[in-house]
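Chemist: The structure follows.
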Amino acid sequence: MDMARAFEGWRWNDGAPAAAIHRAEAVLKCALPADYTAFLRMHDGGEGFLGKGFLMLWSVTELQMLNDGYEVHLHAPGILLFGSSGEGAAYGFDFRSGDACVVRVPFVGLGLDRVEKLADRFAEFLTTLETQ
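Residue 1 is where the sequence shown starts when you use the numbering used here, and the numbers rise one by one after that.
Okay, here's the thing in structure tokens:
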């Protein structure tokens, strides 16, 4: 994927310091995938169009607050949301099998029975959205 072209026109946050990422991992009680933490160090969230759809990637400081707000631990335990489509779909990591694949799940009716695997890795997820 040509990252510069794929993310043209995006609004980015500044990169997250490593300490903020480590604090989030401690609070969330999980190790975030390496390609995702590398992305956070470059861009701590942002939003814009990717492919034919809109994508909002949350900042590292929003992860706990938004996952708690959506009560993900009650409705979809083992999932950690990291962003959304802006139109009702949430994106997250599925830690239930240990590999932290990327999934999509609707905000309305959030539950493990509605989880759809999109990619094995965060970088692959971005490529998948860019080509849809």
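C-beta: ideal position from N, C-alpha, C; glycine also.
On a predicted model such as this, the values are computed, not experimentally measured, just so you know.
At which residues does the alpha helix (DSSP H) containing ASP68 begin and terminate?
Modeler: Note, ASP68: alpha helix (DSSP H), 62 to 69.
Chemist: Please confirm whether LEU112 and ALA90 have their CB atoms less than 7 Å apart.
Modeler: Not closer than 7 Å, so no.
Chemist: State the Cα-Cα distance for the pair LEU110 and ASP14, rounded to the nearest angstrom.
Modeler: Answer to the nearest angstrom: the Cα atoms are 30 Å apart.
Chemist: Could you pull out every residue in the same chain whose Cβ sits closer than 7 Å to the Cβ of ALA119, ignoring the five residues on either side in sequence?
Modeler: So the qualifying residues of the chain are CYS101, VAL102, PHE125, THR128.
Chemist: Helix, strand or coil for VAL108? Go by DSSP, reduced to three states.
Modeler: Of the three classes helix, strand and coil, the one that applies to VAL108 here is coil, per DSSP.
Chemist: Check each candidate in GLY86, VAL72, ASP94, PRO106 and name the one with the smallest Cα separation from LYS52.
Modeler: The candidate whose alpha carbon is nearest that of LYS52 is GLY86.
Chemist: Beta-carbon separation of VAL105 and ARG114 under 7 Å?
Modeler: Contact: yes.
Chemist: Quick check: the Cα distance between GLU8 and LEU55, rounded to an integer number of angstroms?
Modeler: If I take the Cα positions, the gap works out to 13 Å.
Chemist: In its own chain, which residues sit with a C-beta less than 6 Å from the C-beta of THR37, not counting the 5 before and 5 after it?
Modeler: Correct list, in chain order: ILE21.
Chemist: Can you give the Cα-Cα distance for VAL72 and ARG5, rounded to whole angstroms?
Modeler: If you take the alpha carbons of VAL72 and ARG5, they lie about 33 Å apart.
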